[in-house]
Structure formats: structure tokens, C-alpha cells
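Since the structure comes first, as C-alpha cells, the remarks are kept for the end.
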Amino acid sequence: MPKLTWQKSSYCAQGNSCVHVAASPSGTEVHLTESADLSGAILTARPAAFAALIRTLNSSNPSGV
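To convert, count from 1 in the sequence shown and add 84; that's our numbering.
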């Protein structure tokens with residue numbers, strides 16, 4: 085796997101319970117991991133599937149909190 089540039093969720097406070105997201109250099113994959121172990125379990129999805137996940141999460145929580 086190429087070196088990824090991880091971004092921490094803007095909803096994350098201090099601590100190790102945060103979601104991190106990284107796009108592949110080619111832009112064909114989106115990667116998700118938990119901040120306590122950036123080299124551990126990584127979920128990989130296509131951009132369309134990731135967008136569908138975000139839409140679903142936003143629609144199930146309209147307040148955005």
C-alpha cells in the first residue's frame with residue numbers, strides 16, 4: 085500500500101477515539117482507520133461507496149452531531 089496522508093475527523097476531540105480518512109494517491113480508493121492504531125485495521129472503499137456511507141450517516145443524524 086502506498087504511503088497515505090491521514091486526516092482526523094473534525095468531530096474528534098482530544099484522545100485516541102477518532103476516525104481518520106485518507107485517499108489513495110490515484111483517487112480510486114478511500115481508506116478509514118481508528119486513530120489508536122493507524123497501521124492496524126484499515127477499511128478500504130471506492131469513493132462512491134464512501135459517499136453513500138456519509139450520506140446515510142448524515143440522513144440518520146440530521147443534526148450533524
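Using N, Cα and C, we set each Cβ at its ideal position, and we do this for glycine too. Values in this document were obtained by computation on a predicted structure and should not be read as measured data.
DSSP places Ala133 in the uninterrupted alpha helix (DSSP H) bounded by 131–144. In this model, Leu137 and Leu88 are separated by some 21 Å (Cα to Cα). Under DSSP, Leu127 forms a beta bridge with Leu116.
Thr112 is not a Cβ neighbour of His104, given a cutoff of 9 Å.
In this structure, the alpha-carbon of Ser108 lies about 6 Å from that of Val114. Annotation for Ala129: Val114 place their beta carbon closer than 6 Å to its own, counting only its chain and skipping 5 residues before and after.
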